[in-house]
Every structure is written in C-alpha cells, then in structure tokens.
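See below for the structure under consideration.
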Amino acid sequence: MSMRLATWNVNSLKIRLPQLLDWLAAQPVDVVCLQETKLTDDKFPREAIAQAGYDVVFSGQPTYNGVAILTRRDTVGSPADVVIGNPLHADEQRRLISATVAGVRVICAYVPNGQSIDSDKYRYKLEWLDRLIDWLAPQIAQGVPMALAGDYNIAPEDRDVKNPAEWEGQVLVSAPERERFNRLVATGLVDSFRLFEQPEKTFTWWDYRQMAFRRNNGLRIDHVLVTQNLRARVLGCHVERDLRKREQPSDHAPVVVELATAA
DNA sequence: ATGGCCCGTAGAACGGGA
579 MSMRLATWNV NSLKIRLPQL LDWLAAQPVD VVCLQETKLT DDKFPREAIA QAGYDVVFSG
639 QPTYNGVAIL TRRDTVGSPA DVVIGNPLHA DEQRRLISAT VAGVRVICAY VPNGQSIDSD
699 KYRYKLEWLD RLIDWLAPQI AQGVPMALAG DYNIAPEDRD VKNPAEWEGQ VLVSAPERER
759 FNRLVATGLV DSFRLFEQPE KTFTWWDYRQ MAFRRNNGLR IDHVLVTQNL RARVLGCHVE
819 RDLRKREQPS DHAPVVVELA TAA
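Numbers 579 to 841, taken from the numbering used here, label the letters of the first sequence in order.
And the structure:
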C-alpha cells in the first residue's frame, strides 16, 4: 500500500480548477499541496473539491500567494492539526499551511520569489527561509515524520537549470538561496527527487515566454523534501510534465511523490 | 533588445511572477 503526495503551483486556482479536477479524476493522488491559489477564503472552490472526493484546508488573500492542502477522503481522511503560517514569523503573506495527514506532517510552502538580488523582496525571501528553518528544525530533530512540499523558488544545483550560465548569480539560483536550501536539508531532510535516477534536464517551471516549454528551457524549483525517517518509504518521485502541455497551463508542473504506507 | 507571457485587479502600455 502507498499514498501519493503532490505539490503544484497553480498560478490562480480560479483559472486552473478544471485542470486540477481533471487531473485528480484521471490520476487520483492522496494529498495535494497547492500554491498561488490567488483566492480569498470566501472565494475558495471548496464545494467543487469536496465533490471530487477531497477535504481541503486553505489560506488565501487577494491577488497574491494563497496555499491549500487537499486530502482524499476515502484514503487518507481529513487534514488534522491545521496550522496557518509560521508561528515564529508574523507575516501577512499567505505562504504556509500545514496539517497532519496519515501520520505525516505535511507543510505546504510557497517560498517568496525574491524578484532580483538587489530587491527588498530578496532580503525578505532569505529572512523568510531563515524563519522557516527556525520553526521546522526542532520538529525534525524530534523525529516528526514530515514532508515539506512546495514552490521553493530555488534551483538547488546547476543541473536543475537548463542554462546555468544565463542564470548565474540571479534570483532562484544565487548562493545565499542555495545555502538556505542546503541548510534546510542539513536539518534532516532529503530531496525525494534525487533519491532516484532521473532523466537529465527535468524541470518543474518554464517561462510562459519565448516558447520556453517547447525548448525545455526550465528550472527545477518545486520540491518535496522528506525527513530521513521517511526516506525508506519513498517509492518514487516524478514531475507531472503533461500538465504543462495543456491549453492555458500553469507555468509550473506538479511534483508527485509515492510513499509506502507505514508498516 | 533593459522584451517577449500570464494572472488579478483595475479600469494602467500596471505589478508581480520566475
């Protein structure tokens, strides 16, 4: 037995809801972490998602950000112990929601983009990641089985970038961001994707411009990190690339992890 | 070519995303 956990930056759930429902109907996953829902809570499509067989918890705001966790009712049940945001970091931006699902602490994260390295938004990004580490590290040290799934807005290594030379020093690949990613890993996490042999040039985001997807000019910036105590249960990890081929796609494709059910 | 596209919210040749 196993359960499948996915993360997907939908870039507006209002626009992407039909694709989300199509995807879940064709290929049901048990847990879905969404980012950039861009919906206030009163506009969240709770009913449509319930009719698809999922419970959902969410935290949104107008125009920007917004996160949600969907759980398949007949396999993993409802999300428990829901926490919105980071208790150590008062933040008006809705970028974090977490819940316990089938014994796993699931953290759904939308890491700030940073815009450019000379921007205030970049400093906010680094600070935000520091506060995330401050919050999660003690829980990881205590042995809480955890999956940190989301849009990290960080390509951890040059092999996660189609054209590293073009990106050198830029936001998404800069050394301080990668240092935060590595520090997060060092608290006791592992990148599910790298537990397996993967096709070269596998990415999760492609710019809408310049036919970037057709040229596979992308970056791998969406990740599912899991605690070491879950490592042996990770059966696979892949990018759901086909969703990026659809009409009116999100610029991100989902990442899906298959996790063996606890013995 | 210091831009190309997509989204929400205005009601803007805009801000933000990445």
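No residue lacks a Cβ here, since even glycine has one placed at the ideal position from N, Cα and C.
According to DSSP, residue i sits in a beta bridge with which residue or residues?
i	result
Glu836	Arg582, Gly814
Leu595	Note: Leu595 sits in no beta bridge, so no partner.
Gly728	Ala687, His801
Asn664	His667
Arg650	Tyr632
Gln613	Asn587, Val645
Ser676	Val661, Ile685
Trp601	In the DSSP output, where bridge partners are listed per residue, Trp601 has none listed.
Gly796	Trp784
Val739	Leu797
What residue from the options has the CA that sits closest to residue i's CA?
i	options	result
Arg787	Arg756, Gln748, Pro690, Ser828	Ser828
Glu597	Tyr700, Ile627, Ala733	Looking at the sequence provided, one finds Gln at residue 597 rather than Glu. Among Tyr700, Ile627, Ala733, the Cα nearest to that of Gln597 is on Ile627.
Ser637	Gly631, Asp619, Ala630	Asp619
Ala680	Ile718, Leu674, Gly747, Gly655	Gly655
Asp769	Pro606, Tyr688, Trp601, Pro734	Pro734
Leu602	Asp669, Asn741, Ile662, Leu821	Leu821
Ile593	Glu614, Gln605, Val607	Glu614
Arg650	Gln748, Gly692, Ala630	Ala630
Ala743	Asn795, Ile662, Met789	Asn795
Ile711	Gln776, Arg761, Cys686	Arg761
Tyr555	Ala753, Trp706, Gln776, Ser697	The requested residue 555 is not part of the displayed model; the chain covers only 579 to 841.
Starting from residue i, follow the alpha helix (DSSP H) in both directions and report where the run begins and ends.
i	result
Ala831	Segment: none, Ala831 is in no alpha helix (DSSP H) and carries neither H nor E.
Tyr702	698-719
Arg758	753-764
Ala628	624-629
Ala680	Looking at the DSSP string, Ala680 is not in any alpha helix (DSSP H), and its letter there is neither H nor E.
Ala743	742-745
Would you mind giving the Cβ-Cβ distance between residue i and residue j, rounded to the nearest angstrom? I have them listed as a contact below 8 Å.
i	j	result
Asp800	Thr585	6 Å
Thr782	Arg792	No, Thr782 and Arg792 are not in contact; Cβ-Cβ is about 16 Å, not under 8 Å.
Pro723	Thr805	6 Å
Pro623	Leu674	Actually they are not in contact, since the Cβ atoms of Pro623 and Leu674 sit about 21 Å apart, beyond 8 Å.
Leu704	Val763	With a Cβ gap of about 16 Å, Leu704 and Val763 do not count as contacting.
Phe774	Cys815	6 Å
Thr641	Ala715	Contact flag wrong, Cβ pair sits at about 32 Å.
Whose C-beta lies closer than 6 Å to the C-beta of residue i among residues of the same chain, with five residues either side of it excluded?
i	result
Thr678	Ala658, Asp659
Arg811	Leu837, Ala838
Leu808	Pro723
Gln671	Asn643
Val682	Pro723, Ala725
Glu818	Ala831, Pro832, Val834
Tyr702	Pro690
Asp633	Thr649, Arg651, Ser656
Could you spell out where the beta strand (DSSP E) holding residue i opens and where it closes?
i	result
Ala733	Looking at the DSSP string, Ala733 is not in any beta strand (DSSP E), and its letter there is neither H nor E.
Asp633	632-637
Asp769	767-769
Val588	Segment: none, Val588 is in no beta strand (DSSP E) and carries neither H nor E.
Can you give me the Cβ contacts of residue i inside the same chain, cut-off strictly under 8 Å, excluding the 5 residues immediately before and after it?
i	result
Leu813	Ser580, Glu836, Leu837, Ala838
Trp713	Asn664, Pro665, Leu666, His667
Val684	Leu583, Val609, Cys611, Ile647, Pro657, Ser676, Ala677, Thr678, Met724, Ala725, Ala727
Ala719	Thr765, Gly766
Gln823	Per the sequence shown, the amino acid found at residue 823 is Lys instead of Gln. Excluding residues within five positions, the ones whose Cβ falls inside 8 Å are Phe791.
Considering only residues of the same chain and omitting the five flanking positions on each side of residue i, which have a CB-CB separation below 7 Å?
i	result
Trp745	Val739, Val751
Gln693	Lys699, Tyr700, Val749
Gly721	Asn807
Leu595	Pro623, Ala626
Leu617	Leu591, Lys592, Gly638, Gly644
Pro754	Leu704
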